[in-house]
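Asks: Dropping the structure in here first, questions after.
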Amino acid sequence: MNSGIGKVSQYHKLFFPKACEYVVVLFASMPVPNINQTNELQVALQTLLPVSAGCGVQQVASEAEAFEYEEEGRHLANSVIKRRNEFISGRRCARMALNHIGQVSCALPTDSNGLPVWPSATIGSITHSRGLCCAVAASAEKMIYLGIDLEKTNRLSPRAMERVVHPLESAVIGDDQALASLLFSAKEAYFKAQFPIWGAQPNFKDIALQIEPDTQQLSVLEISTNLPAQLREVTLRMKFSYKFVRDYVVTLCWLEL
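First residue of the sequence shown? That's 89 in the numbering used here, and the numbers climb one at a time after it.
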């Protein structure tokens, strides 16, 4: 997720055109993440990821940073420091993840949808939330779908929860903000995973997920017929995993070849 006062993330705008106006984020004063949280998130991702994928985790700097590759930052020349630093940290995490799967560091420019252009024969995903950033990457010869999302567990208002939670999920979720944030995050990871191939723009309630706390996984309960039949079939085979790390939740969605 990309957080900012009075706006929603580029992924909310891209993947939730019908629902983004209802996503209410609580911007209470929050402590800056510390190195322990960063390390815990790194460990969490390493336990969740398939062995064929790599990850990178980093705190977002508060002081202005320079772009590592000039061509990456041209579209952000007039952006505020916070937005620039989130972008820089995201690309840095992406390069860490690529290094883990044997790729050399390189520029990761932005495509017309605002998404990273990954090196040939690789796929990946980037996310950040309230001072922390992480990314995952894998070889396209081993994995066909990959999405990640990171959220604060207190970010959804009751009104937003109503818009996010599917009727099939509501009995389990109730008014639990952390579980609703988990569902929000998992759905966003799914939408990020499928978009490069399908370009689908579903709503929150186009997919219902079941939380499986014993295994820290989720499974698909229902998929709307608004989505293409082939995508619905693929979605049923996708893997979902999650981990709560203090007051964050990180989720992954992927499908190996």
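In this text, a Cβ means the ideal position worked out from N, Cα and C, and glycines have one as well. Since the model is a prediction, treat every value here as computed from it, not as a measurement.
DSSP state of E344, grouped into three classes?
Replies: Position 256 of the sequence shown, counted from the first residue, corresponds to residue 344. Looking at E344 - three-state DSSP - the assignment turns out to be strand.
Asks: Is the separation between the beta-carbon of L345 and that of M184 shorter than 8 Å?
Replies: Here the question's residue 345 lines up with position 257 in the sequence shown. Here the question's residue 184 lines up with position 96 in the sequence shown. No, the pair does not count as a contact, with Cβ atoms beyond the cut-off.
Asks: Exposed or buried, P284, counting other C-beta atoms within 10 Å across all chains shown (16 or more means buried)?
Replies: By one-based count along the sequence shown, residue 284 stands at place 196. Result: buried.
Asks: Assuming I169 contacts S227 under a Cβ cut-off of 8 Å, what Cβ separation, rounded to an integer in Å, is found between them?
Replies: Here residue 169 corresponds to residue number 81 of the sequence shown, with the count starting at 1. Here residue 227 corresponds to residue number 139 of the sequence shown, with the count starting at 1. Not confirmed; about 35 Å, so no contact.
Asks: Spatial neighbours of R334 within its chain, please: C-beta separation below 8 Å, excluding the five flanking residues on both sides.
Replies: As a working note, residue 334 is residue 246 in the sequence shown. The residues are Q125, E128.
Asks: Any Cβ of chain C within less than 8 Å of the Cβ of E250?
Replies: Chain labels in this structure do not include chain C; a single protein chain is all it has.
Asks: Measuring alpha carbon to alpha carbon, tell me which residue in Y330, D237, E257, W342 is nearest D302.
Replies: Residue 302 sits at position 214 when you count from the first residue of the sequence shown. Nearest C-alpha to D302: Y330.
Asks: Can you tell me whether S227 is helix, strand or coil according to DSSP?
Replies: Residue numbering aside, residue 227 sits at position 139 when the sequence shown is read from its first letter. Here DSSP, grouped into helix, strand and coil, assigns S227 to strand.
Asks: Tell me whether G235 sits in a helix, a strand or coil according to DSSP, three-state version.
Replies: The residue labelled residue 235 in the question sits at position 147 within the sequence shown. Of the three classes helix, strand and coil, the one that applies to G235 here is strand, per DSSP.
Asks: Cα separation between T241 and S217?
Replies: Position 153 of the sequence shown, counting from 1, holds the residue named residue 241. Position 129 of the sequence shown, counting from 1, holds the residue named residue 217. Straight-line spacing of the CA atoms in T241 and S217 works out to 10 Å.
Asks: Rounded to a whole number of angstroms, what is the C-alpha to C-alpha distance between E300 and A274?
Replies: What you label residue 300 is simply residue 212 of the sequence shown in a count that begins at 1. What you label residue 274 is simply residue 186 of the sequence shown in a count that begins at 1. Going from the Cα of E300 to the Cα of A274 covers about 13 Å.
Asks: Around the Cβ of A209, are there at least 16 other Cβ atoms within 10 angstroms (buried) or fewer (exposed)?
Replies: Reading the sequence shown from its first residue, position 121 is the one you call residue 209. That one is exposed.
Asks: Can you have a look at M326 and say buried or exposed, based on whether 16 or more other CB atoms are within 10 angstroms of its CB?
Replies: Residue numbering aside, residue 326 sits at position 238 when the sequence shown is read from its first letter. So M326 ends up on the buried side.
Asks: Below 6 Å CB to CB, which residues in the same chain sit around L324 once its five sequence neighbours on both sides are set aside?
Replies: The count along the sequence shown starts at 1 and reaches residue 324 at position 236. Around L324: V308.
Asks: Using DSSP bridges, identify the partner residues of E300.
Replies: Within the sequence shown, the letter at position 212 stands for residue 300. Per DSSP, Q305.
Asks: State the Cα-Cα distance for the pair Q289 and F279, rounded to the nearest angstrom.
Replies: As a first step, residue 289 is located in the sequence shown; it is residue number 201 there, counting from the start. As a first step, residue 279 is located in the sequence shown; it is residue number 191 there, counting from the start. Cα to Cα, Q289 sits roughly 8 Å from F279.
Asks: Per DSSP, A141 forms a beta bridge with which residues?
Replies: Your numbering for residue 141 matches position 53 in the sequence shown. BP columns for A141 point to A226.
Asks: Return the first residue and the last residue of the beta strand (DSSP E) that S213 is part of.
Replies: Against the sequence shown, residue 213 aligns to sequence position 125. Note, S213: beta strand (DSSP E), 210 to 217.
Asks: Taking only three categories from DSSP, how would you classify K331?
Replies: Within the sequence shown, numbered from 1, the residue matching residue 331 stands at position 243. Of the three classes helix, strand and coil, the one that applies to K331 here is strand, per DSSP.
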